[in-house]
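Each residue of the sequence shown is one higher than the one before, starting from 7 at the first, in the numbering used here. Notes follow once the structure below has been shown.
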Amino acid sequence: MPKRRLAMVSGFAALFMALPASAQTGSAPYDTNIDFQQFRPAPGPYNFFTVQGSRVEGRTALSLGAWANYAYRPLTIFDASCPSAVNDSGCSIGAVRSRPIEHLATLNLLVGVTLANRILLSIDLPFTVETGQAVERSSGRPVLDASSTVQSQSAGGLGDPRIEAKVRLAGSGLTGAGLAVSGFVTIPIGQSAGAGDHFVADHSTTFGGRLIGEYRRGRFAVALNLGALGRPSTLTLFSTEVGTRLTWGAAVGFDISTRLAVMAEGFGASDLSSALQNNNAEVLAGARYRFNDLTFTAGGGSGVLRGAGSPVARAFLGVSWAPYRVDNDSDGVGDNVDRCPTEAEDADGYEDDDGCPEVDNDGDGINDAADRCPDQPEDRDNFQDSDGCPDLDNDNDGVPDGYDTCPREPEDRDGDHDEDGCPDNDRDRDGVPDDRDRCPGEPEDTDGFRDEDGCPDPDNDGDGIPDAEDQCSDQPGPASGHGCPAQSADRDRDGVPDDSDRCPEQAETVNGVDDADGCPEQAAPALAQIVGDQIQVRGTVNFSRSRDRIEGDESFRVLESVLTILRTHPEIARVEVQGHTDNAGNAERNTALSERRAEAVRRWLVEHGIEAGRITARGFGPARPIESNSSEAGRARNRRVEFLILPATP
C-alpha cells in the first residue's frame with residue numbers, strides 16, 4: 007500500500023521520542039479558534055497548582071489571586087508518513103514543518119467568594135499573549151516573504167472568562183479524607199475582546215466539572231481530580247481533533263513548616279482515542295510560601311505526552327491573598343480570635359465563633375449531652391431538675407409557678423379561687439374536705455347525725471318533719487306528735503306504729519326505700535358482693551377529672567356497700583384496693599393518678615371504721631385494661647376501682 011505524506015500537530019514529544027509530536031494535514035481544516043492553554047490555576051485557597059483540594063472554609067469570605075505562566079513551544083507541526091490512508095496508526099514523524107505557537111504566556115486574575123461554609127464561587131479572567139510562525143492554512147508550512155524569510159505572527163488579549171462553583175460534600179478538608187465537586191462554564195468573549203483568532207480563545211462556550219478527593223494527615227496531603235471538559239462541537243487542526251475530553255489531575259504536598267510547603271502534580275486530558283496528538287499530560291513541581299495573608303507560589307515542569315498544548319517547558323509564578331488563620335485545634339476558628347486555641351469548638355450553633363466548646367450552653371449545670379433543653383436553663387425548683395428543662399408549671403394546673411401559691415398541688419378548677427393555683431379542699435367551709443364531702447357545695451349541718459359525709463341532714467329520722475320542727479329528730483313520728491313516735495301498738499315490731507303502718511302485719515324492710523310506710527319492699531340488687539377472691543361492685547366509683555377526689559352519690563353508695571361487706575365479714579383479713587385508668591395521656595402520670603385514687607378509697611374505708619391493717623392500695627394506670635381503649639365506652643370501663651381479697655398472711 008502506498009504511503010501518504012502528511013503533517014502532525016503536537017505539543018512536546020511522544021514518550022519514546024525526544025522530538026515534539028504532530029497531527030495530519032491535507033483536506034482537514036485549520037481552525038485557530040482553539041485555546042491551547044492547559045494551565046488553569048485552581049481558584050481559592052487550600053489548593054495545589056491546578057489540582058483542587060476539597061477544603062472550603064466558610065470564614066474566608068474573599069480570596070484574590072494573580073498567576074502568570076509561560077509555556078515554550080506548546081504547538082508544533084511535523085511532517086509524518088503513515089502507511090494507511092484510513093487512520094494515523096503506525097505513522098512515523100519527520101522534520102518540523104512549522105511552529106504556530108512558539109511562546110505562550112497567560113496572566114490569570116482570580117476572585118473567589120465563599121458562601122455558607124462549603125460553597126466557593128469564583129471567576130478566572132485570563133489575559134494571553136502568544137507568538138509563533140505564520141502558517142499557511144492549506145499546507146501547514148510557514149509563510150515566507152519575498153526574501154524567503156519566515157513570517158511571524160502574534161496575538162493577545164482577554165481570553166474566555168471561566169465561572170466556577172465548588173461544593174464541599176464530606177469531610178472538613180482540615181484533616182482526614184474530604185470530598186467535593188465543582189462545575190464551570192466559560193464565556194466566549196475572547197474573540198470580541200481583541201484576542202484575535204489565533205489560539206487565544208475558543209469560538210464557543212465550554213463547560214465541565216470535576217470530582218475532588220483529598221486526604222490530609224499531619225504535614226502530608228494528596229489529592230485526585232477526575233472530570234470532563236465539553237464543547238458544543240469538535241474542532242479540527244490538521245490531524246488533531248479537539249472536542250469533549252476527560253480530564254484528570256493528581257497532586258501531593260508536604261508542609262516543611264507552617265509557612266513553607268513543597269508540592270508536585272500531574273494533570274492532563276484525553277479523548278480516549280489512540281491518537282497521541284489528542285492526549286496530553288504535564289508534570290509540575292514547585293514551592294509555596296505564606297507571609298501573613300499573602301501566599302507566593304512558584305514552579306515549573308514540562309509535557310510528558312505529545313498532545314497538542316503540552317509544552318516543552320513551563321514556568322509559573324502566583325501570588326494569592328486570603329485571610330489566614332493559624333488554627334492549632336483545627337476547629338475552623340483562627341488562633342488569633344480563638345479563646346480556646348487548644349480546645350476545639352463544638353460547633354453546635356451556640357457561640358461557635360469564640361472557638362471554645364460549650365459543654366453546657368444554658369449554664370444550668372447539666373451538660374448538653376444529657377440536657378433535653380440545652381439552650382434553656384433548668385429552673386432548679388426541686389421538680390424534675392435532672393432533665394435540664396425549665397418546668398414553668400410544675401403541677402400542670404395552668405397557673406404558672408410564678409403566680410401559683412401551691413406550685414406542687416394542682417388547682418382543682420372548681421370555680422372557687424381558681425386563680426391562686428391551690429386546690430380548694432373545702433368549698434362549703436363545713437370542715438369536711440371536698441374529696442370526702444358528698445355535698446361540697448352545701449355545708450354539713452353538724453348535728454351529730456352523719457356529719458362525716460359533708461351533707462346537711464334536714465330530717466334525721468326521715469319522718470318528713472324538718473329537724474328544726476321535730477321534737478324527736480332522732481325518732482320518726484307523726485306530725486300530730488310533733489315528730490315524736492306515738493305510744494301506739496306495733497304488732498309487726500318493725501318500728502312503725504300500727505296507726506302509721508300500711509302493713510301492720512308485715513315488718514318493714516329497712517333498706518332506705520320507703521322505710522316509713524311499714525311495708526316490706528323487694529330487695530334491690532346489692533351494689534357489692536363477694537365473688538371468688540374479689541368484692542365485685544355494681545356501679546362506679548367516680549373521681550374529679552385528673553384528680554383523686556371521690557365524687558357523686560353513686561360512688562359513695564358503692565363504697566358503703568363495700569363497707570358493709572367488710573364489717574359483716576370479719577373473716578376477710580386483707581383487701582387490696584386497685585386503681586385503673588384508660589390509656590389517654592401520659593402513662594407515668596396515669597399510673598401515679600391511679601395510685602392516688604386507690605389510696606383515696608382506702609383512706610375513706612379506714613375513716614369509716616375499717617382497720618388500717620386490713621386495707622392496702624395499689625395503682626396500675628393503663629396497664630390492665632378490661633376493654634379496648636379504642637372507644638369511649640371501652641375507656642370508661644377501664645377507668646375503675648377493684649377490690650381484691652388477699653390471703654390472711656402476706
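Here a beta-carbon is modelled for each residue, glycine too, at the ideal position from N, C-alpha and C.
Can you tell me the Cα-Cα spacing of A579 and V438, whole angstroms?
Using only the alpha carbons, I get a separation of about 29 Å.
Assign I571 to one of three DSSP states: helix, strand, or coil.
In the structure shown, I571 falls within a helical segment according to DSSP collapsed to helix, strand and coil.
The beta strand (DSSP E) that contains V318, what's its start and end?
For V318, there is no enclosing beta strand (DSSP E), as DSSP gives it neither H nor E.
What is the DSSP secondary structure of S561, counted as helix, strand or coil?
Note: S561 maps to helix in three-state DSSP.
Taking 8 Å as the limit between beta carbons, can you name the residues of its chain near Q540, skipping five residues before and five after?
Within the same chain, Cβ atoms closer than 8 Å to the Cβ of Q540 are found at E648, F649, L650, I651, the five residues on either side in sequence being excluded.
Do A207 and V62 have their beta-carbon atoms positioned less than 8 Å apart in this structure?
No, these two residues do not count as a Cβ contact at 8 Å.
Between the C-alpha atoms of T31 and A270, what's the straight-line distance to the nearest angstrom?
With a pLDDT of 39 at T31, under the threshold of 50, the predicted position of this residue should be treated as unreliable, and no value is reported.
With H, G and I counted as helix, E and B as strand and the rest as coil, what does DSSP make of E648?
E648 sits in a strand when the DSSP states are folded into three classes.
In the DSSP assignment, find the alpha helix (DSSP H) that holds E613 and state where it starts and stops.
That run of the alpha helix (DSSP H) goes 593 to 613.
Would you list the residues sitting across from H109 in a DSSP beta bridge?
Looking at the DSSP assignment, H109 forms a beta bridge with Y78, T137.
R222: buried (16+ other C-beta within 10 angstroms of its C-beta) or exposed?
Looking at its Cβ environment, which holds 16 or more other Cβ atoms inside 10 Å, R222 is buried.
So E170 is in the beta strand (DSSP E); what residue range does that whole segment cover?
Counting along the chain, E170 sits inside the beta strand (DSSP E) bounded by residues 168 to 176.
Verify the contact flag: P132, CB atom, against every heavy atom of the ligand FMN, threshold strictly below 7 Å.
This structure lacks the ligand FMN, and indeed carries no ligand of any kind.
Assuming G305 and G292 form a contact by the criterion Cβ under 8 Å, report the distance between their Cβ atoms to the nearest whole angstrom.
Yes, G305 and G292 are in contact; Cβ-Cβ is about 2 Å, under 8 Å.
Specify the secondary structure class of D130 as computed by DSSP and reduced to three states.
In this structure, D130 counts as strand in the three-state DSSP scheme.
Just the Cα atoms here: how many angstroms apart are V102 and A229?
In this model, V102 and A229 are separated by some 38 Å (Cα to Cα).
Spatial distance of P51 from N285 (CA atoms):
Each residue's Cα considered, the two are about 29 Å apart.
Range covered by the beta strand (DSSP E) that runs through Y295:
That run of the beta strand (DSSP E) goes 285 to 297.
Cβ contact (3+ pairs, closer than 8 Å) linking the stretch 629 to 636 and the stretch 568 to 583
By the criterion of at least three beta-carbon pairs nearer than 8 Å, the stretch 629 to 636 is not in contact with the stretch 568 to 583.
CA-to-CA distance, F54 to I83, given in whole angstroms:
Taking the straight line joining both Cα atoms gives about 32 Å.
Beta carbon of Q139 nearer than 8 Å to that of S104
At the C-beta level, Q139 and S104 come within 8 Å of one another.
Report, in whole angstroms, the separation of the C-beta atoms of P317 and P80, which I expect to be a contact under 8 Å.
By a beta-carbon distance limit of 8 Å, P317 contacts P80. Their separation comes to about 4 Å.
Determine whether the beta carbon atoms of A321 and N75 lie at a separation below 8 Å.
Cβ distance < 8 Å, so A321 and N75 count as in contact.
According to DSSP, is S636 helix, strand or coil?
Taken through DSSP and simplified to helix, strand or coil, S636 comes out as coil.
DSSP state of A67 mapped onto helix, strand, coil
It is coil, neither helix nor strand.
On the DSSP letters alone, give me the boundaries of the beta strand (DSSP E) that G182 sits inside.
182 to 192 is the span of the beta strand (DSSP E), which, as asked, contains G182.
Alpha carbon to alpha carbon, how far is R645 from T597? Give it in angstroms, no decimals.
One Cα belongs to T597, the other to R645, and the distance between them is close to 12 Å.
Just curious, the beta strand (DSSP E) that F260 is in, first and last residue?
Its beta strand (DSSP E) spans residues 251 to 261.
What would DSSP say about G470, mapped onto helix, strand or coil?
Here G470 sits in coil by DSSP.
Grab me the residues of A227's own chain with a C-beta within less than 6 Å of its C-beta, minus the 5 sequence neighbours each way, in chain order.
Around A227: G259.
Taking the beta strand (DSSP E) that Q44 belongs to, which residues open and close that run?
Q44 -> no beta strand (DSSP E), and no H or E assigned at all.
Among all the DSSP beta bridges, which residues are the ones paired with N114?
BP columns for N114 point to W73, P132.
Helix, strand or coil: which one does DSSP assign to G59?
Of the three classes helix, strand and coil, the one that applies to G59 here is coil, per DSSP.
Coil, strand or helix - E142 by DSSP:
E142 falls in the coil class under three-state DSSP.
Simplified DSSP assignment, three categories, for R620:
Correct three-state label for R620: helix.
By the DSSP assignment, the beta strand (DSSP E) with G685 in it spans what residues?
This structure cannot speak to residue 685, because the chain is shown only from 7 to 656.
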